[in-house]
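Number of protein chains: 2
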Amino acid sequence: MTRFRVNAFGISADGFGAGAEQSLDNPMGVGGLAMHGWAFETKTFRAMHGGESGSTGVDEEFAARSFENVGAWILGRNMFGPVRGSWGDESWKGWWGDTPPYHVPVFVLTHYERPPLEMKGGTTFYFVTEGIEEAAKRAAAAAGGRDVRIGGGVSTVQQYLKAGVIDEMHLVVSPVLLGAGEKFFGNLDLVKMGFRVTRHVMSEKVMHVVMERKR
Amino acid sequence: MTRFRVNAFGISADGFGAGAEQSLDNPMGVGGLAMHGWAFETKTFRAMHGGESGSTGVDEEFAARSFENVGAWILGRNMFGPVRGSWGDESWKGWWGDTPPYHVPVFVLTHYERPPLEMKGGTTFYFVTEGIEEAAKRAAAAAGGRDVRIGGGVSTVQQYLKAGVIDEMHLVVSPVLLGAGEKFFGNLDLVKMGFRVTRHVMSEKVMHVVMERKR
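Chains A and B, in that order, give the protein sequences. Just so you know, we're using the working numbering here: the first sequence kicks off at 1 and counts up by one. Just so you know, we're using the working numbering here: the second sequence kicks off at 216 and counts up by one.
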């Protein structure tokens, strides 16, 4: 059965899931990159960007796992790019160049229509204007029995949590302070929602916490 | 010079510094104890409660350090006890029995006057009704050049952070979910306040994060 997963989602020690003032130069907001240092050094991440070697320990295990059995993705508009409002000349094709690291259908939440965008390597971006439930339905269908990974950002994850869609979250707490940005947990009561911590592992750099919800 | 420190302050993965519904049976609120499991197993904690053995690794190092060079403590009213309003017959003498683990002067913030309470082992509780600044002043004087440790709870730490009094905080993030309770960070911007992470160490159980502020 298709499960909806959040994986490798970085949060700061003071609870932010993204920095403030996201921009072309700062896709994760001010200070946001610091929450992802653990991932950049993994074998999986380096290979994804055409590099070699990389770490092979606990962090790598979680990085690799975050891409396993994923049949479709859902991304919030801001995670796809810094463009706001209408898509203009449609020249923006995501942060990732010609060959995005998804290799499966990716559903982008937006209020503005745009035709599907086929990239190299098997990634096609579909722009969904009918809301999060419709995007979940289409992603589940496209996943063909595999899981749907909800990539982010914070607001997208929170909307899907509130809608009771998410089955599993793997959060990665980094020992950094952001001070400002988007609080990951907001006023959500994950315990009330049925989430329980089912695994936690400390690496040298971060704390991995996996929480799952019984359906 | 006397520094104001917060040490070994447990927070949950979802950012709570205390559970909900604090009571006589649940001094740290529902689920709150789970954030302190790392401490209970340390040599320092066991010795403090008359026990023997206990862990000796990173967690013990931080537990021991949390009591070093402390000349006075400040506690919020709720951390001293579950009594609300006036002190009544004054029979409540703290959670800790006849010999509290402080062994130095302890200043308890309250709106209700009460004479000083001398306990065994060098601990005297002083009840301060004139506000947090006055308590800080009296604690610093009593500390005689050593540090003042602000024990908590969450609201007390937040008030002292806002007042710009705290120099150092050692937080301990546990891989547990509380869902509800008191958010440790609230809307505080620690970066703006001048805090920087100066040390972080992962133990098997928790993430230790030390942050310091330049005066």
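Heads up, the beta-carbon is just placed ideally off N, CA and C, and yes, glycines get one too. Remember, predicted model here, so these are calculated numbers, not experimental data.
Candidates the options, of which the one nearest residue i by Cα
{"i": "residue 397 of chain B", "options": "B:381, B:368, B:378", "result": "B:368"}
{"i": "residue 67 of chain A", "options": "A:45, A:13, A:144", "result": "A:45"}
{"i": "residue 343 of chain B", "options": "B:320, B:337, B:336, B:362", "result": "B:320"}
{"i": "residue 250 of chain B", "options": "B:223, B:258, B:265, B:268", "result": "B:223"}
{"i": "residue 79 of chain A", "options": "A:197, A:125, A:173", "result": "A:125"}
{"i": "residue 63 of chain A", "options": "A:40, A:95, A:50", "result": "A:40"}
{"i": "residue 346 of chain B", "options": "B:305, B:332, B:328", "result": "B:328"}
{"i": "residue 221 of chain B", "options": "B:399, B:271, B:326, B:229", "result": "B:399"}
{"i": "residue 208 of chain A", "options": "A:174, A:93, A:54", "result": "A:174"}
{"i": "residue 98 of chain A", "options": "A:107, A:117, A:84", "result": "A:117"}
{"i": "residue 311 of chain B", "options": "B:228, B:297, B:230", "result": "B:297"}
{"i": "residue 121 of chain A", "options": "A:30, A:25, A:168, A:49", "result": "A:49"}
{"i": "residue 201 of chain A", "options": "A:61, A:54, A:26, A:55", "result": "A:61"}
Same chain, Cβ closer than 7 Å to residue i, neighbours up to 5 away in sequence not counted
{"i": "residue 401 of chain B", "result": "373"}
{"i": "residue 102 of chain A", "result": "73, 123"}
{"i": "residue 92 of chain A", "result": "81, 83"}
{"i": "residue 267 of chain B", "result": "261"}
{"i": "residue 272 of chain B", "result": "418"}
Cβ shell of residue i (< 6 Å), same chain only, five flanking positions each side left out
{"i": "residue 334 of chain B", "result": "315"}
{"i": "residue 425 of chain B", "result": "385, 413, 414"}
{"i": "residue 214 of chain A", "result": "194"}
{"i": "residue 274 of chain B", "result": "253, 257, 418"}
Contact test: residue i Cβ vs the ligand NAD heavy atom, cutoff 7 Å
{"i": "residue 284 of chain B", "result": "Absence of the ligand NAD from the depicted structure is noted, as is the absence of any ligand whatsoever, leaving it without description."}
Start and end residues, beta strand (DSSP E) containing residue i
{"i": "residue 136 of chain A", "result": "Looking at the DSSP string, residue 136 of chain A is not in any beta strand (DSSP E); the run it does join, the alpha helix (DSSP H), is 132-143."}
{"i": "residue 7 of chain A", "result": "4-12"}
{"i": "residue 64 of chain A", "result": "Premise fails: residue 64 of chain A lies in the alpha helix (DSSP H), 58-65, not in any beta strand (DSSP E)."}
{"i": "residue 161 of chain B", "result": "Absent from the structure is residue 161 of chain B, since the part of chain B shown begins at 216 and ends at 430."}
{"i": "residue 389 of chain B", "result": "383-389"}
{"i": "residue 232 of chain B", "result": "231-233"}
{"i": "residue 255 of chain B", "result": "Residue 255 of chain B -> not in any beta strand (DSSP E); alpha helix (DSSP H) instead, spanning 252-255."}
{"i": "residue 341 of chain B", "result": "339-343"}
{"i": "residue 410 of chain B", "result": "410-417"}
{"i": "residue 212 of chain A", "result": "207-213"}
Straight-line gap, residue i to residue j (C-alpha atoms, nearest Å)
{"i": "residue 291 of chain B", "j": "residue 28 of chain A", "result": "37 Å"}
{"i": "residue 144 of chain A", "j": "residue 69 of chain A", "result": "10 Å"}
{"i": "residue 280 of chain B", "j": "residue 21 of chain A", "result": "38 Å"}
{"i": "residue 196 of chain A", "j": "residue 421 of chain B", "result": "17 Å"}
{"i": "residue 247 of chain B", "j": "residue 226 of chain B", "result": "9 Å"}
{"i": "residue 4 of chain A", "j": "residue 115 of chain A", "result": "25 Å"}
{"i": "residue 165 of chain A", "j": "residue 212 of chain A", "result": "12 Å"}
{"i": "residue 299 of chain B", "j": "residue 191 of chain A", "result": "28 Å"}
{"i": "residue 231 of chain A", "j": "residue 391 of chain B", "result": "The structure shown does not extend to residue 231 of chain A, since chain A is modelled only from 1 through 215, so no value can be given for it."}
{"i": "residue 136 of chain A", "j": "residue 90 of chain A", "result": "24 Å"}
{"i": "residue 17 of chain A", "j": "residue 94 of chain A", "result": "20 Å"}
{"i": "residue 30 of chain A", "j": "residue 23 of chain A", "result": "9 Å"}
{"i": "residue 301 of chain B", "j": "residue 382 of chain B", "result": "32 Å"}
{"i": "residue 88 of chain A", "j": "residue 19 of chain A", "result": "26 Å"}
{"i": "residue 138 of chain A", "j": "residue 111 of chain A", "result": "16 Å"}
{"i": "residue 375 of chain B", "j": "residue 240 of chain B", "result": "28 Å"}
{"i": "residue 107 of chain A", "j": "residue 322 of chain B", "result": "57 Å"}
Sequence-distant residues of the same chain with beta carbon closer than 8 Å to residue i, five excluded per side
{"i": "residue 377 of chain B", "result": "403"}
{"i": "residue 2 of chain A", "result": "71, 140, 143, 145, 146, 147, 148"}
{"i": "residue 371 of chain B", "result": "289, 290, 291, 294, 324, 347, 365"}
{"i": "residue 349 of chain B", "result": "343"}
{"i": "residue 229 of chain B", "result": "392, 393, 394"}
{"i": "residue 54 of chain A", "result": "41, 42, 43, 44, 45, 46, 47, 60"}
Residue i - containing alpha helix (DSSP H), residue span
{"i": "residue 73 of chain A", "result": "Residue 73 of chain A -> not in any alpha helix (DSSP H); beta strand (DSSP E) instead, spanning 70-75."}
{"i": "residue 160 of chain A", "result": "154-162"}
{"i": "residue 46 of chain A", "result": "43-48"}
Chain B contact residues for residue i, given Cβ-Cβ distances below 7 Å
{"i": "residue 185 of chain A", "result": "229, 230"}
{"i": "residue 211 of chain A", "result": "392"}
{"i": "residue 119 of chain A", "result": "Correct list: empty, because the minimum Cβ distance to chain B is about 35 Å."}
Listed by chain order, chain B residues near residue i by CB distance under 9 Å
{"i": "residue 192 of chain A", "result": "394, 395"}
{"i": "residue 202 of chain A", "result": "390, 417, 418, 419, 420, 421, 422"}
Listed by chain order, chain A residues near residue i by CB distance under 7 Å
{"i": "residue 362 of chain B", "result": "Under the 7 Å cutoff, chain A gives no residues; its nearest Cβ is about 22 Å from residue 362 of chain B."}
{"i": "residue 313 of chain B", "result": "Under the 7 Å cutoff, chain A gives no residues; its nearest Cβ is about 37 Å from residue 313 of chain B."}
{"i": "residue 410 of chain B", "result": "177"}
{"i": "residue 388 of chain B", "result": "13, 173, 207"}
Amino acids of chain A, ordered along the chain, whose beta-carbon sits closer than 8 Å to that of residue i
{"i": "residue 243 of chain B", "result": "Under the 8 Å cutoff, chain A gives no residues; its nearest Cβ is about 15 Å from residue 243 of chain B."}
Beta-carbon neighbours of residue i, restricted to chain B and to distances below 8 Å
{"i": "residue 189 of chain A", "result": "394, 395"}
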